[in-house]
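What follows is a set of notes on a single structure, which appears directly below.
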Amino acid sequence: MTELLTGFITQNISTFSYGAVGILMALESANIPIPSEVTLPFAGFLASQGQANFHLMALAGGLGCLAGSIPSYWIGRKLGRPFLERYGKWFFITHKQMALGDKWMDKYGNSTSFFSRLLPVVRTFISFIAGVWEAPFWPFVLLTFLGSWIWSYVLVYIGFKMGENWAILHPYWQKFDVIIITLISGTILGYGWYHWKEATKKTDQKSSG
1 MTELLTGFIT QNISTFSYGA VGILMALESA NIPIPSEVTL PFAGFLASQG QANFHLMALA
61 GGLGCLAGSI PSYWIGRKLG RPFLERYGKW FFITHKQMAL GDKWMDKYGN STSFFSRLLP
121 VVRTFISFIA GVWEAPFWPF VLLTFLGSWI WSYVLVYIGF KMGENWAILH PYWQKFDVII
181 ITLISGTILG YGWYHWKEAT KKTDQKSSG
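Residue 7 in my numbering sits at position 7 of the sequence shown, with consecutive numbering throughout.
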């Protein structure tokens, strides 16, 4: 599956160049798992071969990320919060916790939009999360672009320097992705288990009382 996806990405970039990079990065930012760790290093490789401009490839990556992030943000803002307010209790998310989330986003929301763009996996979903917590739109747009542009430059540069060996780091990126996914999953499971225990305690106390 990974080889098929890599082949799909490289074939499209080879054919459509900057446009393909922009679209592929937009899909990733729209919560579709197209790995930028393949898209951008290959774009850098093409730049090293004189088939594309290094800076324009990085710019296409940054603009593509922004283009995919905006609809993801608005879906989170328009649909995500009402869903959580109505069904959040089934995911152990209370109104009190949502209020705490609001305070966090009021204080750190803008910086979160920026720094999350520099993290694998997290960067794919942060736009939706920012929308759910109603991060201010225009600061979100600016910081999303800046963070995505930096990420794009770094990965295009890696591909540019690695040349024909651009894909050699992909397995290491995958391991990093697995670590982050494991940490996130462990946190969610631990959070759910804690609240399940608390709910069970309250039920037992009511029954004994």
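Don't be surprised by glycine CBs; every beta carbon is placed ideally from N, CA and C. Since this is a predicted model, take the numbers as computed values, not measurements.
How big is the Cα-Cα spacing for residue i and residue j?
| i | j | result |
| --- | --- | --- |
| I158 | M105 | 33 Å |
| I181 | F45 | Any reading at I181 is ruled out, since the residue's pLDDT is 48, under 50, leaving its predicted position unreliable. |
| W133 | G50 | 43 Å |
| L56 | G109 | 29 Å |
| Q11 | K161 | 21 Å |
| P136 | L118 | 20 Å |
| A67 | I32 | 13 Å |
| T112 | L27 | 21 Å |
| S29 | K107 | 24 Å |
| G76 | L24 | 21 Å |
| A52 | L5 | 22 Å |
| S69 | F83 | 20 Å |
| F54 | K78 | 37 Å |
| K103 | E3 | 43 Å |
In chain order, what residues of the same chain have a beta carbon less than 6 Å from the beta carbon of residue i, not counting five sequence neighbours either side?
| i | result |
| --- | --- |
| I184 | Confidence at I184 is low in this model, with a pLDDT of 45, below 50, so the placement of that residue should be treated as unreliable; the coordinate-derived value is given next. None. |
| F126 | It is worth fixing the name first, because residue 126 is Ile in this sequence and not Phe. Counting only Cβ-Cβ distances below 6 Å, and skipping sequence neighbours, we find S116. |
Suppose the cutoff is 8 Å on Cβ atoms and the five residues either side in sequence are ignored; what does the same chain contact list for residue i look like?
| i | result |
| --- | --- |
| W74 | G131 |
| W138 | none |
Less than 7 Å between C-beta atoms, sequence neighbours within five positions excluded: which residues of the same chain meet that for residue i?
| i | result |
| --- | --- |
| F114 | L143, L146 and G147 |
| G80 | F128, G131 and V132 |
| A58 | W149, S152, Y153 and V156 |
| V21 | I13, T39, A43, M57, A60, G61 and G64 |
For the candidate residues the options, whose alpha-carbon lies nearest to that of residue i?
| i | options | result |
| --- | --- | --- |
| I34 | W149, S48 and G7 | G7 |
| V156 | A67, A60, A30 and V141 | A60 |
| G163 | A30, A47 and S29 | A47 |
| P71 | K103, F140 and L4 | F140 |
| N165 | K103, P41 and G76 | P41 |
| I168 | N53, I9, I126 and E37 | E37 |
Counting only C-beta atoms, is residue i closer than 9 Å to chain C at any point?
| i | result |
| --- | --- |
| S29 | Reference to chain C is not applicable here, since this structure consists of a single protein chain. |
message: Any contact between the region 119 to 131 and the region 5 to 18? By contact I mean 3 or more CB pairs, one from each, below 8 Å.
response: No, they do not touch.
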